[in-house]
Amino acid sequence: MKKIFMALLLVLTLGVATACADTYAHDASVLPAAAQQVLKKNFKAKVSVVKIDKDFGMVKDYEVVLNDGTEITFDSKGNWEEVEVGATMTVPAAFMPQPMRTYLNANFKGVNVVGLEKKRNGYEVKLVNDIELEFDSAGNFLRYDD
Numbered sequence: 424m425k426k427i428f429m430a431l432l433l434v435l436t437l438g439v440a441t442a443c444a445d446t447y448a449h450d451a452s453v454l455p456a457a458a459q460q461v462l463k464k465n466f467k468a469k470v471s472v473v474k475i476d477k478d479f480g481m482v483k484d485y486e487v488v489l490n491d492g493t494e495i496t497f498d499s500k501g502n503w504e505e506v507e508v509g510a511t512m513t514v515p516a517a518f519m520p521q522p523m524r525t526y527l528n529a530n531f532k533g534v535n536v537v538g539l540e541k542k543r544n545g546y547e548v549k550l551v552n553d554i555e556l557e558f559d560s561a562g563n564f565l566r567y568d569d
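And the structure:
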């Protein structure tokens with residue numbers, strides 16, 4: 424009886440581990456429609472790889488890497504959460520609210536935005552010169568990040 428129980432436990436563990444395993448794809452067709460639209464509208468580079476992060480068999484998020492090195496993270500519904508680009512590029516302006524763009528143009532003109540992350544109550548921006556800034560959800564400047 425003990426051997427049967429251990430065998431069943433092993434099979435169950437392997438099943439759960441397989442269901443939780445991340446999967447990879449090499450095209451945007453595995454992404455939700457909203458994520459596909461964001462990519463099509465804002466980026467010229469093709470999708471290199473899509474990592475589908477799963478928790479207990481359910482999609483947690485999608486991590487997309489483009490051929491030019493750009494990395495975009497989408498939630499399970501296809502809403503973007505984070506964008507990172509190379510030092511010679513800048514995050515597309517469409518990802519930033521107007522007040523944020525205005526502040527960055529006034530105070531950091533010509534400095535590339537290489538990272539943009541949505542937070543619970545706003546945004547975190549990383550500039551190519553390693554300065555990090557925080558903005559509220561409307562795009563108003565709050566403070567420099569430590």
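Counting from 1, position 134 in the sequence shown corresponds to residue 557 in my numbering; the numbering is continuous, with no gaps.
Idealized CB from N, CA, C, for every residue including glycine.
Source: prediction; values computed, not measured.
Proximity to residue i [Cα-Cα], best of the options
i, options, result
"M512", "V482, L539, M481 and I475", "L539"
"Q521", "N465, A457 and F564", "F564"
"N552", "G545, Y526, A456 and F531", "F531"
"V537", "E494, S499, N528 and Y485", "E494"
"D484", "D568, A444 and N490", "A444"
"P515", "K464, T446, F558 and P455", "K464"
"S499", "D491, V506 and E486", "E486"
"A448", "V506, R543 and L489", "L489"
"R543", "E505, A456, N528 and N535", "E505"
Buried versus exposed, by CB contacts within 10 Å (16 or more), residue i
i, result
"I554", "exposed"
"G509", "exposed"
"F479", "exposed"
"Y546", "buried"
"T496", "buried"
Span separating the alpha-carbon of residue i from that of residue j
i, j, result
"V476", "S560", "The amino acid occupying residue 476 in the given sequence is Asp; Val does not appear at that position. The straight-line gap from Cα to Cα measures roughly 26 Å."
"A451", "V470", "6 Å"
"M523", "M481", "34 Å"
"K474", "T525", "34 Å"
"L462", "K549", "21 Å"
"Q459", "G533", "29 Å"
"A456", "N528", "32 Å"
Those residues which DSSP pairs with residue i across a bridge
i, result
"Y546", "K541 and F558"
"R566", "E557"
"A448", "V473"
"T496", "E486 and E505"
beta-carbon residue i near the ligand GDP non-hydrogen atom, thresh 7 Å
i, result
"D568", "With respect to the ligand GDP, the structure shown offers nothing to examine, as it has no ligands at all."
Within the segment 450-480, note down every full beta strand (DSSP E) run reaching 3 residues or more, in order along the chain.
Listed in chain order, the beta strand (DSSP E) runs fully inside the segment 450-480 are 470-478, counting runs of at least 3 residues.
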